[in-house]
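First up is the structure itself, then whatever we jot down about it.
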Amino acid sequence: MTTMTSKPGQALVNREQSLHFLRQMLRIRRFEEKSAELYSAMKIRGFLHLYIGEEAVAVGVTEALGSDDAVVATYREHGHAMSRGMSMAAIMAEMYGKIDGCCRGRGGSMHLFDVEHRLYGGNAIVAGGLPVAVGLALADQMQNKKSVTCCCFGEGAMAEGEFHEAMNLAALWQLPVLFVCENNFYAMGTALQLSESVVDLTSKAAAYAVPTATVDGMDVIAVAEAAEKASDTVRETGGPFFLECRTYRFRPHSMFDPGLYRSRQEVEGWKQRCPIISLIRRLKDKGWIDDPGLERLEGEIATEIDSAVDFAEQSEWESVEDLTRFVYSDAGAN
Amino acid sequence: MEQQLRKMNYRDALNEGLREALQKDERVFLMGEDVGRYGGCFAVSKGLLDEFGPERIRDTPLSESAFTGAGIGAALGGMRPIVEIMTVNFSLLALDQIMNNAATYLHMSGGLFNVPLVIRMATGGGKQLAAQHSHSLEGWYAHIPGIKVLCPATLEDARGMLWSALLDPDPVLIFEPAVLYPMEGELSADAGPVAIDQAKLLREGKDLTLISYGSCLHKCLEAASILAEEGIETDVIDLRTLRPLDDESFLASVAKTHRALIVDEGWRSGSLAAEVSARIMEQAFYQLDAPVERICTAEVPMPYAKHMEEAALPQVSSIVATARRMIDG
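The listed protein sequences derive, respectively, from chains A and B. Just so you know, the working numbering puts the end of the first sequence at 1209, numbered straight through with nothing missing. Just so you know, the working numbering puts the end of the second sequence at 339, numbered straight through with nothing missing.
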């Protein structure tokens, strides 16, 4: 095991930013709790992978990105989409399969895309997004754009050949990719030590001469600081960086997971380190939030979620006459 | 005015198409294994590195998945990449990117992100390269909605399909039959881009329709000459674009000849030939005077020994014999 190479985020940067982090994490948490409820009510179907417990990673990393930067994420990407700025309504309607969803209901929970925020999916093939991220960075490099492509994936992706191919190519061609490994210690139900001969994940990136850091992914301030350093490095060198965020999924892998592979004790232990609860504690210590303030925040988020659900409920289904649209751009050929 | 004709081979025609694309659009670049310093495994990209430099003629590591996926990403990011995969068998290492990403992004994103990517690769047997370098999987790729599949069989198409493919907003796969690379011929001096949504009638006759593409097309043309000496006149159709198929071309021909023989270098089961046959049956059943027939590659992994490989592949003799039988009944 490596030690954390970035400092724990002791210093709350400032009140405004800390409260922004709290709001973003809470938005994701409450939105996903509502999504789970709507899944049980059969409003949302297919696969639903919840990010609950891991919110600090997407929120912290997004803080280091500008509007021109690109994001490639996985099928557990509600948090990335929301922290990037996509509306809850567009995401909720997508999960409902409605026409006002961000992808007209063609993608669902696992495939959120957005032009304005340069979100290139929602990729549900483990490691499948990494080569695409490398290509986005290549296009930026060839066009002399200064953007960074942020590519998020789980540690399970590191057992795939595409991880190694992509890491080599990004390093070989010095492409501006911020690789963010969200290490939640389980590839679906298989523990890291049961799937990797070497569990020090940074050493795999270092083998391609990619600079690395590891950060406590349960601490949003620490993630934000580490991601900022990492993205600064990418911008300065023009080459890739590998950031490992150690985190934990509080909920099952998907809605079909009986959770047989983790002990209750282990899950409870990690829940004690909940990124939201610990940030609230620190904010309270600083006197930057109190219970009424927190209640107000929860109320605002509940209103936002309610209106997203209303929006999804009221949105129409796409006409089945349009079934074969978007197979080709010209819509005709098939 | 008489067209000026130039002698060249299929490989030269492809090279010229690449050069034209690189000259016309600075967003175009070529990447793949050995495309630069080596000049291309089949020498298709010879000379391009010197002319366009290593930024635009990129040698890649042996990482089919990564560089194909990088092509997808670069296309999304505003470039017009041409990815060369050495042979169709190696493309299986990139199948995740082709099938799960290139073919799906437009649809999965509800129309937000199209992928203007061109992937070229060598295909087919006939060079004694055995069971990991000789297969014809273009018909397999033609199964996938979201991509277009081309197979140039002539110098004109080798020269002209690439630019048209680059203008297409969606992923286009171009399959180059490896046995055709040294094929000599003549190309007009003003040859340029060609349509990529139509099949082409290369020879006209009234008795039988031969439908083919790629290297088997030339076997059909040879068979047609032999049959003509016997008084059997055939239409010969080059499908050219395997997805989407130009149904009108072969349906119009079958309406005239009432007999169709499909020659396909893919394996018979679940083949492109099966698809064409089914479409004729569905749309022209009452025009037929005989059952549609198929000549495909024997269902074996490609053997190395010359006589065995020849036995596995469709040959002129079997096309001629089948055609005679179909006419004579």
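Built from N, CA and C at the ideal position, the CB exists for glycine as well. Remember, predicted model here, so these are calculated numbers, not experimental data.
Whole-Å CB distance - residue i paired with residue j, under 8 Å assumed
| i | j | result |
| --- | --- | --- |
| F10 of chain B | L160 of chain B | As shown, chain B starts at 11 and ends at 339. That puts residue 10 of chain B outside it, with no answer to give. |
| F138 of chain B | Y20 of chain B | Inspection of the sequence shows that residue 138 of chain B is occupied by Gln rather than by Phe. The Cβ separation is near 19 Å, so there is no contact. |
| I1164 of chain A | I1152 of chain A | Rounded, the Cβ-Cβ distance is 13 Å, inconsistent with contact. |
| G79 of chain B | L1011 of chain A | Not quite, the Cβ-Cβ distance comes to about 10 Å (not below 8 Å), so this is no contact. |
| N1058 of chain A | T1112 of chain A | Incorrect: roughly 24 Å between the Cβ atoms, too far for contact. |
| V1085 of chain A | L1044 of chain A | Not confirmed; about 11 Å, so no contact. |
| V936 of chain A | A1102 of chain A | 4 Å |
| R981 of chain A | F1201 of chain A | 7 Å |
| E1035 of chain A | V1001 of chain A | 6 Å |
| V946 of chain A | F896 of chain A | The pair is not a contact, with the Cβ atoms about 18 Å apart (cut-off 8 Å). |
Cβ pair residue i, residue j closer than 8 Å
| i | j | result |
| --- | --- | --- |
| L249 of chain B | L231 of chain B | no |
| G149 of chain B | V189 of chain B | no |
| H924 of chain A | S984 of chain A | yes |
| R16 of chain B | R90 of chain B | no |
| F1054 of chain A | F1117 of chain A | yes |
| I157 of chain B | I221 of chain B | no |
| L127 of chain B | A112 of chain B | yes |
| T1087 of chain A | A1080 of chain A | yes |
| Q208 of chain B | D256 of chain B | yes |
| H955 of chain A | M118 of chain B | no |
| Y926 of chain A | R951 of chain A | yes |
| M900 of chain A | E930 of chain A | yes |
| T949 of chain A | N1019 of chain A | no |
| E320 of chain B | M312 of chain B | no |
| K909 of chain A | S1190 of chain A | no |
| R304 of chain B | S287 of chain B | yes |
| A367 of chain B | V330 of chain B | No statement about residue 367 of chain B is possible, as the shown extent of chain B runs from 11 to 339 and does not include it. |
Contact with chain A by residue i, beta-carbon distance below 8 Å
| i | result |
| --- | --- |
| L282 of chain B | no |
| F185 of chain B | no |
| L28 of chain B | no |
| F77 of chain B | yes |
| F123 of chain B | yes |
| L116 of chain B | yes |
C-alpha distance - residue i paired with residue j, whole-angstrom precision
| i | j | result |
| --- | --- | --- |
| S348 of chain B | D299 of chain B | Any property of residue 348 of chain B remains undetermined from this structure, which presents chain B solely from 11 to 339. |
| I92 of chain B | G81 of chain B | 7 Å |
| Y296 of chain B | F1131 of chain A | 52 Å |
| G120 of chain B | H953 of chain A | 17 Å |
| L51 of chain B | K34 of chain B | Inspection of the sequence shows that residue 51 of chain B is occupied by Cys rather than by Leu. When rounded, the distance between both Cα atoms is 25 Å. |
| K1146 of chain A | M1093 of chain A | 10 Å |
| E1037 of chain A | I108 of chain B | 13 Å |
| L116 of chain B | E1193 of chain A | 16 Å |
| H153 of chain B | L165 of chain B | 26 Å |
| Y995 of chain A | H145 of chain B | 34 Å |
| E1170 of chain A | Q1016 of chain A | 46 Å |
| D44 of chain B | V310 of chain B | 30 Å |
| F39 of chain B | V1090 of chain A | 38 Å |
| I919 of chain A | M970 of chain A | 6 Å |
| V98 of chain B | I1176 of chain A | 52 Å |
| I242 of chain B | C306 of chain B | 22 Å |
| L1005 of chain A | L72 of chain B | 16 Å |
| M879 of chain A | C1025 of chain A | Per-residue confidence for M879 of chain A stands at a pLDDT of 48, beneath the threshold of 50, marking its modelled position as unreliable; no derived number is given. |
| L1047 of chain A | L1013 of chain A | 12 Å |
Neighbour flag for residue i against chain B, beta carbons, 8 Å
| i | result |
| --- | --- |
| P1006 of chain A | yes |
| C978 of chain A | yes |
| S942 of chain A | no |
| M879 of chain A | Low local confidence applies: a pLDDT of 48 at M879 of chain A is under 50, so the model's placement there is unreliable, and no value is given. |
| Y1203 of chain A | yes |
| Y1253 of chain A | This structure does not reach residue 1253 of chain A, given that chain A is present from 876 up to 1209, and the question cannot be answered. |
| R920 of chain A | no |
| F988 of chain A | yes |
| D975 of chain A | no |
| R905 of chain A | no |
Selection from the options that minimises the alpha carbon distance to residue i
| i | options | result |
| --- | --- | --- |
| G960 of chain A | A:E991, A:V947, A:R920, A:Q1018 | A:E991 |
| D1107 of chain A | A:Q892, A:A931, A:L940, A:E908 | A:L940 |
| C226 of chain B | B:D207, B:D274, B:E196 | B:D274 |
| A333 of chain B | B:M312, B:F62, B:V302 | B:V302 |
| P254 of chain B | B:M312, B:T97, B:Y191, B:L183 | B:L183 |
| V932 of chain A | A:L1050, A:P1051, A:R1124, A:L1076 | A:R1124 |
| P1127 of chain A | A:E1196, A:S1204, A:K918, A:Y1061 | A:Y1061 |
| D180 of chain B | B:L197, B:A270, B:L237, B:L122 | B:L122 |
| E74 of chain B | B:A321, B:F100, B:R169 | B:F100 |
| L1067 of chain A | A:Y1083, A:P1167, A:G1031 | A:G1031 |
| L1198 of chain A | A:R979, A:S910, A:S942 | A:R979 |
| E61 of chain B | B:R47, B:T70, B:L72 | B:R47 |
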